[in-house]
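Working notes, structure below.
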């Protein structure tokens, strides 16, 4: 699996593009970080590579096929899982049902979906009792973890997360990043984290920093 951007550009004002002519390749088995300050265009880039928006110029390719050819809705259903910064969980459902609903939409193949979902929730500290509570009864940090598990359980090869540790304490943040590492390396997934936290980026295999309309490869993260 490869995700490639070819001469990708986006702007609100053509005189001051967020980024332009971006050529990057993301591969299975690796954990990537995209660093950048607020307003630099990180989330916009995420929306382009997940098919939530279309570029002003250039192309996003998945498996050497453009997202337009695949169909944006089909691509989002079959190939990519997104962890949104605002969670985007269904408030009238339990944590467990949020995960199961996403698995059903993605047509995830698991012998016992409920057991699989509960096991994954338990790995991030969401007990069975918590999993059966409505989302609105959980804390922000707990909701963040449910959103991450929902993405992981859909069994897509590409997982993209927007500030996935933004509402978590340091200990939980490290556990989540370790989980992402394990998923990428042991399950051969491609995971792309959009973050402003350098500690998160340090744990990733490849780090790009978005600044001055370009993505710069960071060879070694400074302490």
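Numbering (my numbering), first residue to last: 197 to 419. Every residue, glycine too, gets a C-beta built ideally from N, C-alpha and C.
Strand pairing of residue i, partner residues [DSSP]
{"i": "residue 386", "result": "226 and 354"}
{"i": "residue 215", "result": "206"}
{"i": "residue 278", "result": "356"}
{"i": "residue 406", "result": "411"}
{"i": "residue 330", "result": "290"}
{"i": "residue 199", "result": "222 and 258"}
{"i": "residue 391", "result": "231"}
Proximity of residue i and residue j at Cβ, strictly below 8 Å
{"i": "residue 390", "j": "residue 198", "result": "no"}
{"i": "residue 400", "j": "residue 271", "result": "no"}
{"i": "residue 348", "j": "residue 338", "result": "no"}
{"i": "residue 370", "j": "residue 379", "result": "no"}
{"i": "residue 356", "j": "residue 278", "result": "yes"}
{"i": "residue 361", "j": "residue 393", "result": "yes"}
{"i": "residue 316", "j": "residue 276", "result": "no"}
{"i": "residue 353", "j": "residue 273", "result": "no"}
{"i": "residue 201", "j": "residue 254", "result": "yes"}
{"i": "residue 242", "j": "residue 403", "result": "no"}
Residue i, buried or exposed, once every other Cβ within 10 Å from all chains shown has been counted against 16
{"i": "residue 236", "result": "buried"}
{"i": "residue 359", "result": "buried"}
{"i": "residue 208", "result": "exposed"}
{"i": "residue 340", "result": "buried"}
{"i": "residue 246", "result": "buried"}
{"i": "residue 313", "result": "buried"}
{"i": "residue 287", "result": "exposed"}
{"i": "residue 311", "result": "exposed"}
{"i": "residue 413", "result": "exposed"}
- Query: Does the pairing of the segment 213-230 with the segment 401-414 give three or more beta-carbon distances under 8 Å?
  - Reply: yes
- Quick one: complete beta strand (DSSP E) runs, 3+ long, within the segment 243-268? 253-258
- Message: For the pair the segment 318-336 and the segment 277-295, tell me if three or more CB-CB distances fall below 8 Å.
- Response: yes
- Message: Please give me, in chain order, every unbroken run of the beta strand (DSSP E) with length at least 3 that falls completely inside the segment 286-311.
- Response: none
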